[in-house]
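Below: the structure, in structure tokens.
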Amino acid sequence: MNDPVQNSGLVVVDKPAGMTSHDVVSKLRRAFSTRRVGHAGTLDPMATGVLVVGIERGTRFLAHLVTTTKAYDGTIRLGASTTTDDREGDVIFSADASTLDDDQIAAAVTSLTGEIMQKPASVSAIKIDGKRAHERVRDGEVVDIPARPVTVSVFDVLEQRREGGFVDLDVRVHCSSGTYIRSLARDLGAALGVGGHLTALRRTEVGPFTLEDAIPLADLQDTARLSLSLDEALARSYPVLDITEEEGEALSMGKWLEPRGLRGVHAAVTPSGRSIALVEEKGKRLATVFVARPNTL
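Going by the UniProt record's numbering, the sequence shown opens with residue 1, and the numbers climb by one from there.
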């Protein structure tokens, strides 16, 4: 008997520069011959790297994907601010950054590490009254998005280059979901009084998925294939709870099991390796949070 979710799962794409995340989705719809394709965590057109895409029933799993942490490698240019906080915008302020010393830069980087309040870029994909901020900016509106708490657990300067009045910093950032690296560049330049913007960005991790999992988009267009089946995706993203085939059948019908003293969400996996559902204890029940393999399939 054919497995009803054999074509469902995740594709970890190594997104090329120069296209939107939606462009990637469109190309994968053609490659996989399905409309049921969606992505988790937008990447700007300038950025490259890890973009997690759901295929078929994998699109339903995206809402439950653990993407609370992300990692990036990027380049920040000190000495100029732009309208978009990256190299694609117009320069709106510039100052000589050549007088900055290493200690000043290190102190400013430290001030932007840890739990901080960050104002997202006005050209972000954040929705304001149902319309994305970057669309409002494009239509001539002035957009001011309130600052919000984010966590920058790692903000390391890997290399420094000085060119004329500019200082270019190659950086590595590990942060919470919702952190904008463009905004870090902007705020670093502001803290140093010389302006700053992002000139390169590569996302290296999204939750448990890394560049080692990623497949170049061109390869996927030539040979469409999943990076992880739906079974593998659930088991990679959550602690595994071993269940019997009978318990798997019950969960597939939306039934609940007896509690087992678990904390947090687990992937319920049968001896045959099928990830039936995500489960969580609620009171005296071990109930489903997401059913990957409903018996209606």
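The beta carbon of each residue, even a glycine, is placed where N, CA and C say it ideally should be.
The structure displayed is predicted, hence computed values, not measured ones.
Distance CB(residue i)-CB(residue j) smaller than 8 Å
i, j, result
"residue 78", "residue 167", "yes"
"residue 211", "residue 14", "yes"
"residue 192", "residue 118", "no"
"residue 88", "residue 46", "yes"
"residue 173", "residue 184", "yes"
"residue 304", "residue 198", "Summary: the structure shown does not reach residue 304, with the chain confined to residues 1 through 297, and so no result is reported for it."
"residue 259", "residue 278", "no"
"residue 235", "residue 31", "no"
"residue 305", "residue 21", "Within the shown structure, residues of the chain are numbered from 1 to 297, placing residue 305 beyond reach of any answer."
Alpha carbon of residue i to alpha carbon of residue j, nearest angstrom
i, j, result
"residue 219", "residue 233", "21 Å"
"residue 230", "residue 213", "15 Å"
"residue 384", "residue 83", "This structure leaves residue 384 out entirely; the chain is present only between 1 and 297."
"residue 206", "residue 237", "11 Å"
"residue 284", "residue 264", "14 Å"
"residue 33", "residue 222", "13 Å"
"residue 181", "residue 66", "20 Å"
"residue 242", "residue 292", "15 Å"
"residue 164", "residue 171", "20 Å"
"residue 8", "residue 290", "15 Å"
"residue 28", "residue 102", "45 Å"
"residue 76", "residue 274", "45 Å"
"residue 121", "residue 109", "19 Å"
"residue 61", "residue 255", "19 Å"
"residue 176", "residue 153", "8 Å"
"residue 249", "residue 296", "11 Å"
"residue 90", "residue 80", "10 Å"
"residue 97", "residue 155", "20 Å"
"residue 294", "residue 58", "13 Å"
"residue 215", "residue 55", "15 Å"
"residue 64", "residue 145", "26 Å"
"residue 5", "residue 35", "15 Å"
"residue 281", "residue 253", "17 Å"
"residue 257", "residue 272", "19 Å"
"residue 196", "residue 266", "42 Å"
"residue 169", "residue 3", "50 Å"
"residue 288", "residue 68", "21 Å"
Terminal residues of the alpha helix (DSSP H) in which residue i lies
i, result
"residue 22", "21–32"
"residue 243", "Residue 243 -> no alpha helix (DSSP H), and no H or E assigned at all."
"residue 118", "Looking at the DSSP string, residue 118 is not in any alpha helix (DSSP H); the run it does join, the beta strand (DSSP E), is 114–118."
"residue 219", "217–222"
"residue 237", "230–237"
Nearest to residue i (by Cα), restricted to the options the options
i, options, result
"residue 23", "165, 34, 117, 217", "217"
"residue 251", "174, 91, 276", "276"
"residue 270", "152, 244, 43, 90", "244"
"residue 70", "21, 287, 225, 41", "41"
"residue 188", "91, 106, 265", "106"
"residue 147", "179, 163, 172, 173", "179"
"residue 239", "248, 262, 297, 222", "262"
"residue 114", "151, 74, 90, 85", "151"
"residue 208", "227, 95, 97, 197", "227"
"residue 246", "94, 30, 68, 268", "268"
"residue 37", "12, 116, 44, 68", "12"
"residue 116", "149, 196, 93, 160", "149"
"residue 16", "3, 10, 44", "44"
"residue 93", "257, 160, 186", "186"
Continuous beta strand (DSSP E) stretch holding residue i: start and end
i, result
"residue 156", "148–163"
"residue 104", "No beta strand (DSSP E) holds residue 104; the alpha helix (DSSP H) holding it covers 102–111."
"residue 81", "80–82"
"residue 168", "166–176"
"residue 260", "No beta strand (DSSP E) holds residue 260; DSSP gives it neither H nor E."
"residue 181", "From DSSP, residue 181 is part of no beta strand (DSSP E) but of the alpha helix (DSSP H) over 181–192."
"residue 57", "Run containing residue 57: none; DSSP gives neither H nor E here."
"residue 279", "275–282"
"residue 203", "196–206"
"residue 288", "285–291"
"residue 38", "37–40"
"residue 11", "9–15"
Quiz item: Should the region 192–204 be regarded as contacting the region 32–52, the criterion being three or more beta carbon pairs within less than 8 Å?
Solution: Taking 8 Å as the limit for Cβ pairs, the verdict is that the region 32–52 does touch the region 192–204.
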